[in-house]
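Worksheet: one structure, shown below.
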Amino acid sequence: MSAEPNKKHKKDPTQRDARPIVWMIGFLVVAMIVYFVLLGRTGVQLIAHGGVVAVGLGIGVLILPFLGAWLIWSTLRAGIEHQKLARIMAQEGRELNVSDLPRRASGRIEREAADELFAQVKQEWEANPSDWHNTYRIARAYDYAGDRSRAREMMKRAVAQFHGRDERPST
């Protein structure tokens, strides 16, 4: 028997088990597929009915599953990409540390503290806006400051920069 303790059984308290969320996503995707099949069948039945209105509605109903599939795919793909960037940032020790910032009773960071954090991160980003690390950090700072639309926009830009396809000017 080895004198070294079995490291397999020790869990890092900072790492959460992803299985519950993966199962939930899997369940929702399967439920959506069943829904899309039922919706598609209804669309075909409407088209088979033959009336002008029924055919129009049937075509519209058939488009909905494709729209839903695209929404599921794009949302899951974005989430996976964001998690990949978050994991790399954590491994490199470059994630934003917000553990010491004052919080409201709801758990959200107080506005003034979030604004100060944003100002600091914005300076870093302005110094090198083409670095995906800085763009990721400013996206997170926007999120902490409550500006979700800009946070999403900058996170998309960080992903594009990570993959080397950001065509926007640096400033």
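First residue of the sequence shown? That's 1 in full-length UniProt numbering, and the numbers climb one at a time after it.
Backbone N, C-alpha and C fix where the C-beta goes; we use that ideal spot for every residue, glycine too.
Quick one: is Val-53 buried, meaning 16 or more other Cβ sit within 10 Å of its Cβ, or exposed? exposed
Applying the 10 Å Cβ sphere with the 16-neighbour rule, what's the burial state of Met-155? buried
Below 8 angstroms on the Cβ atoms is my contact criterion, and I expect Gly-58 with Val-44 to pass it. Report the Cβ-Cβ distance as a whole number of Å. 7 angstroms
Is the beta carbon of Pro-65 closer than 7 angstroms to that of Gly-40? yes
Report the partner residues of Arg-103 according to the DSSP bridge assignment. Ile-109
Give the straight-line distance between the Cα atoms of Ala-158 and Ile-72, rounded to the nearest whole angstrom. 21 angstroms
Using 7 angstroms as the threshold, is the C-beta distance between Ala-151 and Ala-139 below it? yes
Using C-beta distances below 6 angstroms, list every residue in its chain close to residue 172, excluding the 5 sequence neighbours before and after it, in chain order. Past the boundaries of the shown model lies residue 172; the chain is included only from 1 to 171, so the question cannot be answered.
Say yes only if the C-beta of Asp-17 is nearer than 6 angstroms to one or more non-hydrogen atoms of the ligand ADP, and no if none qualify. This structure lacks the ligand ADP; in fact it carries no ligand of any kind.
Delimiting residues of the alpha helix (DSSP H) encompassing Ala-151: 148-162
Could you please give the first and the last residue of the uninterrupted alpha helix (DSSP H) stretch that includes Glu-92? 52-92
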